[in-house]
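**Student:**
2 protein chains.
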Amino acid sequence: MNFDYRNVTIRRGFWKQIEELNSKVTVNAVYDRFFETGRIDAFKFEWKKGDDKQPHFFWDSDVAKWMEGAAYIMAKEHRPDLEKKVESLIDEIEKNQCEDGYFNIYFTVVQPEARWSCRDWHELYCAGHLMEAACAYYDATGRDRFLRAMEKYAEYIKRVFVDEHSASFVTPGHEEIELALYRMYKTTGKEKFLELCRHFLERRGLAENNEMNIGGSAYYAQNHLPIREQKEAFGHSVRAVYLYSAMADLALETGDGELKETCKALFENITGKKMYVTGGIGSTYYGEAFTICYDLPNAGAYAETCASIGLMFFARRMMLLDPENSAKYSDIIELEMYNGMLSGISLDGDKFFYENPLEIFLEERGRLKSLGKSERWPITQRPKVFGCSCCPPNLVRLLSSLGNYMYAYDEKSGEVYIDQFADSIYEKDGVRVEVSTDYPYDSVIKIKTNAPVKVRIPEWCHGFGTNKDHTVENGYACFGAGEFEVDLLMKPELVASSVNVVRNLGKAALRYGPVIYCAEAIDNGGEVHKLYLDPERVADAKISYSEELGREVIDCDGFLRVDEQTGKLYAPYSRKFEPVTVRMIPYHCFANRGESDMAVYLNVK
Amino acid sequence: MNFDYRNVTIRRGFWKQIEELNSKVTVNAVYDRFFETGRIDAFKFEWKKGDDKQPHFFWDSDVAKWMEGAAYIMAKEHRPDLEKKVESLIDEIEKNQCEDGYFNIYFTVVQPEARWSCRDWHELYCAGHLMEAACAYYDATGRDRFLRAMEKYAEYIKRVFVDEHSASFVTPGHEEIELALYRMYKTTGKEKFLELCRHFLERRGLAENNEMNIGGSAYYAQNHLPIREQKEAFGHSVRAVYLYSAMADLALETGDGELKETCKALFENITGKKMYVTGGIGSTYYGEAFTICYDLPNAGAYAETCASIGLMFFARRMMLLDPENSAKYSDIIELEMYNGMLSGISLDGDKFFYENPLEIFLEERGRLKSLGKSERWPITQRPKVFGCSCCPPNLVRLLSSLGNYMYAYDEKSGEVYIDQFADSIYEKDGVRVEVSTDYPYDSVIKIKTNAPVKVRIPEWCHGFGTNKDHTVENGYACFGAGEFEVDLLMKPELVASSVNVVRNLGKAALRYGPVIYCAEAIDNGGEVHKLYLDPERVADAKISYSEELGREVIDCDGFLRVDEQTGKLYAPYSRKFEPVTVRMIPYHCFANRGESDMAVYLNVK
């Protein structure tokens, strides 16, 4: 089974629009911000003490992710502008790589004496992102000088960490090198990179390593147990899903059944107990981390964009590792695509969220104002760049490789999996699948294929229609070659969280197909917290296209809870409602029209 | 109109039990803790640098409040044990008072050079509490040496703050001296103390004073505006209600209509927008303060015991200042008596809460445990003493002077107001009112009186029965002399908060007569957050006496919300309930049987 964005062409519709926004706006905007902040010029290694724009120890990774995204775009489009920028960066990388293979801006120009001395300063993380970019660039262009430089770097890392043990730490504080080394192995075919990947994975969490516990917690960087014993997701959520992705890579490669079971348990734990209805993960700002099961506060949600992207990485690997459950993993990818990941970027493509809260309540945020205090809340508007700007280039590389998540080809059976629905073509070695659809605005998927296909029936779908014989297997409708359609029969519906999320009792979210909706005060007379949805009437809600958002919005017959108590603070229990139309917009569209109260979970009458 | 606990004898029942607990257990327990911690011996002024138990700058006030409480008890009971302790403290006060009249332990033995230099170090606050104790002791015993010492102190304070302006601040950081000076005036008849009270009140919040803003906020110590312009309650809640009490004193004494309107506005603001259903006020730990209107988080409630007591002080003064609305103020006193104030003390009388949360959710408190972090929450069990131990002696003085809140005598009309219901006698100058009742366990109030009486009909009461002719006026049923009964017709009922308290939407509290109830996990199979009450069936709940608590408990037909979703984190909205009996106990009884989840607000089906 394989996924390869290079075999997929998105033709029109929702995802074409987003792919184009990325290749026309986002990739340039992120580069420009990185240029302005000094990240690009930092690759010249000219910074000296006293200069402004001192390179940060994670800048290499920001730019590397951007390069990776640029490479994916270049694989599809003639983009001399991007080519020039990437080639120029590669020039600098070649020029400034040390004799021994080492490459790191911060630890060369700012604090060279500290090379390999600080576990949490992202040295191997930066290396990993550069390696991923090199592989992507090689895949996209066939040019190998970047890849060769990174092979040399990886060999040097092996010397330091495996042969000489000369670093002051054993495993990285921020995982990434592991999955990057696996990718180096897959790209080059060289076993030594797989071995180094395995080395870092296997040594993680071993008591004998006595690794520094970052932020005072062994859990923070998944250091609390050896990898096979980690059955619950803990710590920094991006680090966690990057680690779990590499674990899935290794399990797939080695056929390690125990590791596979661990990966399955972790995926279950995240998606079954620690994930927001939007797909967001990591429910606290402290350590940007997972907390306990069912602890999913809405207003304080961290739900980092990178963590949603990382969960997509993990899910895609799980599709390969555990193909019987492929549809389940693909469901989570769809959830992220339309919600938790996509809310990370503004509708105009050049502003970004790091955190993605599920609720904004501006008045409550100012509760301590008279005391000269403020509490910590997620920001309400997307800025153009962050000091720690990992999310924007992560979106660039994700949105330029969407094909990776849409189709899979099973070499054994010759079947094509249609996992995500976009108006698109899969084509490779004579196999051609053509999908025509207005999904997610329309539930009809038209398919023309010369190979047998498996069409994912999303978990949210309560039954589908089709005009062709089929069987259903493990969440997929299986069809032979031909021309036919599948109707996923979308209706707006309310989604409740488990009763164990006790703070959500009495509330529900609105889902329409794969899209989770929210209410913004700007559409609802300034009010969201007193709105009620009516479970009986949600299915009949009116769906219309909003020019302002360029998306479909939903108007539900609902209610505004009004004061029964004639102004009293306490009175005998009663409830009074006024009928109102509640306008719901796709969650990923929130905060595109100024600061406004917002809620994914509304009260239910 | 006047209130005087000395004219009231509580005979039996709920309040007799509490009064006795206080005079037999609490007053001794608090003294013993104060002795153990060095607070009593500190009055010997023998502490020297290097000694342990260094006096704190608020210790004088802790002991003074205890002395005040002991005085109230001595007025009713022959208590040579208390007399000896108080007299011995007065000996030390006389002995250690400075020539100039100054008396303060900390600023004499620890940091004498700092006298009158730090606005927030409670110097005038301590002075105020000593003056209150002196007045109480004089009223209770007729002995005046303590009062004379405090007169001398007050005169010295006038010299410093009015004549010489030699202090480095103009008004106290923690109010208390104002109401104490008013009391000195009422006790001694000397106008100069009223003038000094007025001085401190009138200078508060004047821009020209340029007072230090404590904690960076002018609001914290009610320093943001001159007193007549303060229409919303802000800042440290105990300071606030002590200030407002003194403002009401001054308005009453001077007939200042503008100040009266300010006091009414403040009372309305607190009780109409910033008070928990238990009577708790001050909804944040930060600054122990009021926040914005309708911001009443349950689990994080601060709701300091002293603030509830202070609101009782303010309410009693408002009864005098605004007698047409007397019943309304008395309603709030009743709310505090059975709930917010009373939860401050354990059922066995020797342990105390400073904060009184409306919800405990132990699991959620540990959400950051894996990250080595903890969030700040109210404690879950009452300790015997605090470093800042203001609440325990405040309870001692309040619970020994309950008669102050029960009856008022209107000299003009000759009527006796029966404001709080206890099995008790009011007797003064030939007027005798005898109340027989098992309230709050029984709703029948039997009255035998030789004077006309006004019986408060509580706001929670939806209609009353009586066997005697009467009129109803401003919340009171008015009767002539005779023997009759009034039945307040109690039924358990659900109470909702205003829809503006959006975090409570979908929830309600249970009230039975004046008592607010809560659910503890220990009584409910370990669960409170998934419990639902049924508004249709609450009135038929079963009321029974619990030997364990010594209180009436209520068993409601209710529901446990169970998982409809077969273990899924998200699923189409539906609700599944299992019928359960929900045991509710009086809120003030929570946390008497070990640590347990607790909630005042339960979900409503």
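Chains as they are written, first to last, in this note's numbering: chain W, 655 to 1259; chain S, 655 to 1259. Ideal placement from N, C-alpha and C gives every residue a C-beta, glycine not left out.
1. So, is the C-beta of residue 929 (chain W) closer than 8 Å to a C-beta in chain S?
2. Are the beta-carbon atoms of residue 1167 (chain S) and residue 1257 (chain S) separated by less than 8 Å?
3. With 8 Å as the threshold, decide whether the Cβ of residue 1224 (chain W) is near any Cβ in chain S.
4. Whose Cβ in chain W lies nearer than 9 Å to the Cβ of residue 874 (chain S)?
5. Using a Cβ-Cβ cut-off of 8 Å, state whether residue 946 (chain W) counts as contacting chain S.
6. In chain S, what lies closer than 7 Å to residue 1183 (chain W) by C-beta?
7. Three-state secondary structure (DSSP) at residue 1078 (chain S)?
8. So the candidates are W:1119, W:689, W:766; which of them puts its Cα closest to the Cα of residue 703 (chain W)?
9. For a contact defined as C-beta to C-beta under 8 Å, what are the partners of residue 1149 (chain S) on chain W?
10. Residue 646 (chain W): which of W:749, W:748, W:720 sits nearest, CA to CA?
11. Can you tell which of S:1179, S:942, S:1247, S:889 has the C-alpha that lies nearest to the C-alpha of residue 1034 (chain S)?
12. Taking all protein chains shown into account, decide if residue 689 (chain W) is buried (16 or more other Cβ within 10 angstroms of its Cβ) or exposed.
13. Tell me which same chain residues have a C-beta within less than 6 Å of the C-beta of residue 835 (chain W), skipping the five on either side of it?
14. If distances are taken between C-alpha atoms only, which option among S:698, S:1223, S:1104, S:730 comes closest to residue 660 (chain S)?
15. Quick one: what's residue 1164 (chain W) bridged to in DSSP?
16. Taking only beta-carbon atoms, is residue 1261 (chain S) less than 8 Å away from chain W?
17. Tell me whether residue 1209 (chain S) sits in a helix, a strand or coil according to DSSP, three-state version.
18. Pick helix, strand or coil for residue 626 (chain S), following the three-state DSSP scheme.
19. Looking at the ligand FAD, does it come within less than 7 Å of residue 928 (chain W), judged from the CB to the closest heavy atom?
20. With 8 Å as the C-beta to C-beta threshold (strictly closer), list the residues of the segment 760-780 of chain S near chain W in chain order.
21. What in chain S is Cβ-close to residue 1189 (chain W), meaning under 7 Å?
22. Looking only at C-alpha atoms, which of S:797, S:1259, S:907 sits nearest to residue 1192 (chain S)?
23. Buried or exposed: which applies to residue 908 (chain S), given that a residue is buried once 16 or more other Cβ atoms fall within 10 Å of its Cβ?
24. For residue 938 (chain S), return the contacting residues in chain W, with the cut-off set at a CB-CB distance below 8 Å.
25. Quick check on the burial criterion: 16 or more other C-beta atoms within 10 angstroms. Buried or exposed for residue 706 (chain W)?
26. Quick check: residue 900 (chain W) and residue 890 (chain W), are their CB atoms within less than 8 Å of each other?
27. Mind checking the segment 1194-1225 of chain W against chain S and listing, in chain order, the residues whose C-beta falls within less than 8 Å of any C-beta there?
28. To the nearest angstrom, how far is it from the Cα of residue 1067 (chain W) to the Cα of residue 1057 (chain W)?
29. Assuming residue 997 (chain S) and residue 1010 (chain S) are in contact, meaning their beta carbons sit under 8 Å apart, how far apart are those beta carbons, in whole angstroms?
30. Does the CB of residue 1258 (chain W) have a neighbour CB from chain S at under 8 Å?
31. Can you name the residues of chain S whose CB is closer than 7 Å to the CB of residue 1153 (chain W)?
32. Whole angstroms is fine: what's the gap from residue 937 (chain W)'s alpha carbon to residue 888 (chain W)'s?
33. Could you give the DSSP three-state label for residue 734 (chain S): helix, strand or coil?
34. Take every Cβ of the segment 672-686 of chain W, pair it with every Cβ of the segment 1084-1091 of chain W, and state whether three or more of those distances are shorter than 8 Å.
35. Which partner residues of residue 1132 (chain W) appear in the DSSP bridge assignment?
36. Can you check whether the C-beta of residue 921 (chain S) is within less than 8 Å of a C-beta belonging to chain W?
**Tutor:** On the basis of the supplied data:
1. Position 275 of the first sequence, counting from 1, holds the residue named residue 929 (chain W). Cβ-Cβ to chain S under 8 Å: yes for residue 929 (chain W).
2. Your numbering for residue 1167 (chain S) matches position 513 in the second sequence. Your numbering for residue 1257 (chain S) matches position 603 in the second sequence. No, the Cβ-Cβ distance between residue 1167 (chain S) and residue 1257 (chain S) is not below 8 Å.
3. Your numbering for residue 1224 (chain W) matches position 570 in the first sequence. By this cut-off, residue 1224 (chain W) is an interface position.
4. The sequence position of residue 874 (chain S) within the second sequence is 220, counting from 1. Under the 9 Å cutoff, chain W gives 1024, 1025, 1026.
5. Start at 1 with the first residue of the first sequence, and residue 946 (chain W) comes out as number 292. Output row for residue 946 (chain W): interface = yes.
6. What you label residue 1183 (chain W) is simply residue 529 of the first sequence in a count that begins at 1. The contacting residues are 1156.
7. Residue numbering aside, residue 1078 (chain S) sits at position 424 when the second sequence is read from its first letter. Strand at residue 1078 (chain S).
8. The sequence position of residue 703 (chain W) within the first sequence is 49, counting from 1. Per the Cα distances, W:766.
9. Counting from one through the second sequence, the residue named residue 1149 (chain S) turns up at place 495. Going along chain W in sequence order, the residues near residue 1149 (chain S) (Cβ under 8 Å) are 1224, 1225, 1226, 1227.
10. Because residue 646 (chain W) is not part of the residues shown, which for chain W are 655 to 1259, the question remains open.
11. Taking the first residue of the second sequence as position 1, residue 1034 (chain S) is located at position 380. It is S:1247.
12. Working through the first sequence from its first residue, we reach residue 689 (chain W) at position 35. Looking at its Cβ environment, which holds fewer than 16 other Cβ atoms inside 10 Å, residue 689 (chain W) is exposed.
13. Counted from its first residue, the first sequence places residue 835 (chain W) at position 181. So the qualifying residues of the chain are 847, 850, 851.
14. Reading the second sequence from its first residue, position 6 is the one you call residue 660 (chain S). When each option's Cα is compared against that of residue 660 (chain S), the closest is S:730.
15. Taking the first residue of the first sequence as position 1, residue 1164 (chain W) is located at position 510. Its beta-bridge partners are W:1148, W:1171.
16. There is no way to answer for residue 1261 (chain S), as the model of chain S reaches only from 655 to 1259.
17. In the second sequence, residue 1209 (chain S) corresponds to position 555, counting from 1. Residue state, collapsed to three classes: strand.
18. Given that chain S is displayed from residue 655 to residue 1259, the structure contains no residue 626 (chain S) and the question cannot be resolved.
19. Ligands are entirely absent from the displayed structure, and the ligand FAD is therefore not among its contents.
20. none
21. The residue labelled residue 1189 (chain W) in the question sits at position 535 within the first sequence. Here the neighbours are 1227.
22. By 1-based counting over the second sequence, the position of residue 1192 (chain S) is 538. Of S:797, S:1259, S:907, the residue nearest in Cα terms is S:1259.
23. On the second sequence, residue 908 (chain S) is found 254 positions in, with the first residue counted as 1. Exposed, by the Cβ-count rule.
24. Numbered from its first residue, the second sequence carries residue 938 (chain S) at position 284. Correct list: 1021, 1022, 1025.
25. Translated into the one-based positions of the first sequence, residue 706 (chain W) becomes position 52. So residue 706 (chain W) ends up on the exposed side.
26. Along the first sequence, one-based indexing puts residue 900 (chain W) at 246. Along the first sequence, one-based indexing puts residue 890 (chain W) at 236. No. Outside cutoff.
27. 1215, 1216, 1217, 1218, 1219, 1221, 1222, 1223, 1224, 1225
28. Locating residue 1067 (chain W) in the first sequence gives position 413, where the first residue counts as 1. Locating residue 1057 (chain W) in the first sequence gives position 403, where the first residue counts as 1. Each residue's alpha carbon lies about 21 Å from the other.
29. To locate residue 997 (chain S), count along the second sequence from 1; it is residue 343. To locate residue 1010 (chain S), count along the second sequence from 1; it is residue 356. Yes, they are in contact, since the Cβ atoms of residue 997 (chain S) and residue 1010 (chain S) sit about 5 Å apart, within 8 Å.
30. Position 604 of the first sequence, counting from 1, holds the residue named residue 1258 (chain W). Cβ-Cβ to chain S under 8 Å: yes for residue 1258 (chain W).
31. Reading the first sequence from its first residue, position 499 is the one you call residue 1153 (chain W). Residues of chain S passing the Cβ test: 1184, 1215, 1216, 1217.
32. On the first sequence, position 283 is the one that residue 937 (chain W) refers to. On the first sequence, position 234 is the one that residue 888 (chain W) refers to. Straight-line Cα distance between these residues: approximately 11 Å.
33. Taking the first residue of the second sequence as position 1, residue 734 (chain S) is located at position 80. Three-state result, residue 734 (chain S): helix.
34. no
35. Locating residue 1132 (chain W) in the first sequence gives position 478, counting from the first residue. Answer is W:1108, W:1125.
36. For the purposes of this step, residue 921 (chain S) is taken as residue 267 along the second sequence, with counting starting at 1. Not an interface residue.
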